[in-house]
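The block underneath contains the structure these notes are about, expressed in structure tokens.
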Amino acid sequence: PPKLNFEQLGVVAELLLAARHTPSLHDSVYGFLRRRIAIAIQEREKAAARGEVRNDQDPRVQVLMRAATWIGSYFFGLVSEPPKRGEKALNAYTRMAVMNLPFSTPLPAQTRIKARTAPKIRSAEQDDQDKIYVALVDSAAEVFAEMGYEAAAVADIARRAQLTTGAIYNRFSGKAGLMNEVIITKLGADAQILGGEVVQALASSSSISKPALEELIVRLNSDSGGNSRGLRLAARDAARHEPEVAAVVGPLQDATLAAMANFVRNAQGEGLIRSDIDAEVVVWFWSVNPMGAGLVGAAFPEISLKAFSSFYATAMEILRTQPA
């Protein structure tokens, strides 16, 4: 079939997001993706017969990874600017992780990318809030994660909290205002902590253990807890429609990416991360790819998250290896 352009991939990304909450879409959306992947696997097998593909990774994961990067980039790009001129390096890095190439293979020459500015972000101030506020924010986080932003109604949140819709409108500007409180109290600090753990694993002087890597992958794609994948997706979905939400999600995401990139730049200065890839590209990949992997992986419930660990372990080792 013809290749999908970025605009078409955006449509696929939106359909994958909708399918998370709409079982009636599973056959059409997931069926489309499975057919595309089946064709890609046939091409992968031809390359494998020539010895061009790494043989220690699940073939399905290998062909999903490029789509995962594109789809994750789409959602992150709703509120943050992707690294300018970074697409070529992003694709080359993803390709090297699946192709049978030495880890020291140089990546394409890049123009230095301007460092992302870390904006000021509002911190959570939940200590002074009453029990009703806490109940509403907790219930909203659960409902948004389960249903998505568009499908969730104020009445659903009030019902979950065993309160009236009036309790919401007395404290928040509406659904968007409530989403902002959820983002600040549930996602803010955890997003920066998780981002910090990712770059620390990348810059470690020794390889991360398989159990530790699998645990990190599960955390990046978990649908449980306050910082669930469903809630992170709902926040970005809300930002598309609500400027009020975009004004909160964008700075939070940019601040997290900027902090991660600064850490990577320092690690590059110490020789812990390879020098021929821009720090902005590194953190963009390690932020967007796991999100995209969770969405495309939903079409393949038979593939466990742990099956992705070999790909990510290779991607980490590539970063720890200086170019020849």
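Each residue of the sequence shown is one higher than the last, beginning at 84 in the working numbering. By construction, the Cβ of each residue, glycine as well, lies at the ideal position given by its N, Cα and C atoms.
Alpha carbon to alpha carbon, how far is residue j from residue i? Give it in angstroms, no decimals.
| i | j | result |
| --- | --- | --- |
| Lys197 | Pro165 | 11 Å |
| Gln283 | Arg348 | 12 Å |
| Ser256 | Arg302 | 32 Å |
| Gln275 | Thr339 | 5 Å |
| Pro85 | Gln91 | For Pro85, the predicted model reports a pLDDT of 48, less than 50, meaning its position is unreliable; a value from the coordinates is still stated below. Approximately 11 Å, taken between the alpha carbons. |
| Ala218 | Met230 | 18 Å |
| Asn253 | Leu246 | 12 Å |
| Thr188 | Thr152 | 21 Å |
| Arg199 | Ala132 | 42 Å |
| Arg143 | His104 | 24 Å |
| Ile267 | Ala330 | 12 Å |
| Ala344 | Asp213 | 37 Å |
| Ser387 | Val136 | 21 Å |
| Ala321 | Glu128 | 40 Å |
| Val328 | Ala130 | 45 Å |
| Leu296 | Leu402 | 15 Å |
| Arg243 | Ala235 | 11 Å |
| Asn259 | Leu355 | Position check: residue 259 holds Ala in this sequence, whereas Asn was assumed. Ala259 and Leu355: Cα-Cα distance of roughly 42 Å. |
| Met374 | Ala150 | 11 Å |
Determine the burial state of residue i: buried for a count of at least 16 other Cβ atoms within 10 Å of its Cβ, exposed for fewer.
| i | result |
| --- | --- |
| Gly114 | exposed |
| Gly278 | buried |
| Thr194 | exposed |
| Val94 | exposed |
| Ile300 | buried |
| Ala286 | buried |
| Asn138 | exposed |
| Gln145 | buried |
| Asp110 | exposed |
| Ile122 | exposed |
| Asp239 | buried |
| Arg118 | exposed |
| Gln125 | exposed |
| Arg312 | buried |
Sorted by chain position, which residues of the same chain lie with C-beta nearer than 7 Å to residue i's C-beta, five sequence neighbours on each side aside?
| i | result |
| --- | --- |
| Gln351 | Ser358 and Ala362 |
| Arg323 | Leu161 |
| Ala101 | Leu108 |
Give me, in chain order, the residues of the same chain whose beta-carbon lies closer than 8 Å to that of residue i; leave out the 5 immediate sequence neighbours on both sides.
| i | result |
| --- | --- |
| Val265 | Val220, Ala223, Ala224, Phe227, Leu314 and Ala318 |
| Ile291 | Ala284, Leu299, Ala396 and Met399 |
| Pro106 | none |
| Thr418 | Nothing in the structure corresponds to residue 418, since the chain is present only between 84 and 407. |
| Pro334 | Pro202, Lys203 and Ile204 |
| Met148 | Thr177, Ala180, Val181, Asn372, Ala376 and Phe394 |
| Ala175 | Leu190 and Pro191 |
| Gly134 | Asn183 |
Below 6 Å CB to CB, which residues in the same chain sit around residue i once its five sequence neighbours on both sides are set aside?
| i | result |
| --- | --- |
| Asp141 | Ala390 |
| Ala250 | Ile215 |
| Val365 | Val347 |
| Ser98 | Looking at the sequence provided, one finds Leu at residue 98 rather than Ser. Cβ within range, chain order: Val112. |
| Ser393 | Asp139 and Gln140 |
| Ala96 | Ile154 and Tyr157 |
Give the single residue among the options whose Cα lies nearest to the Cα of residue i.
| i | options | result |
| --- | --- | --- |
| Ala396 | Pro294, Pro106, Gln405 and Pro334 | Pro294 |
| Asn156 | Gln125, Leu98, Asn372 and Leu402 | Asn is not the amino acid found at residue 156; the sequence shown has Ser there. Closest option to Ser156, Cα to Cα, is Asn372. |
| Ala192 | Ala172, Lys203 and Leu161 | Ala172 |
| Ile154 | Val379, Gln405, Arg323 and Arg403 | Val379 |
| Ala272 | Pro326, Leu296, Glu327 and Ala342 | Ala342 |
| Leu108 | Ala381, Pro406 and Ala407 | Ala381 |
| Glu39 | Lys269, Asp337 and Phe368 | This structure cannot settle anything about residue 39, because the visible part of the chain is limited to 84 through 407. |
| Ile360 | Glu385, Asp337, Val332 and Thr404 | Thr404 |
| Glu353 | Leu316, Met374 and Ser288 | Ser288 |
| Leu316 | Pro406, Ala407, Gly260 and Ser370 | Ser370 |
| Gln336 | Pro326, Glu385, Asn304 and Leu270 | Leu270 |
According to DSSP, which residues form a beta bridge with residue i?
| i | result |
| --- | --- |
| Val95 | According to DSSP, Val95 bridges with nothing at all. |
| Ala182 | Checking the sequence, you will find Met at residue 182 rather than Ala. Per DSSP, Val136. |
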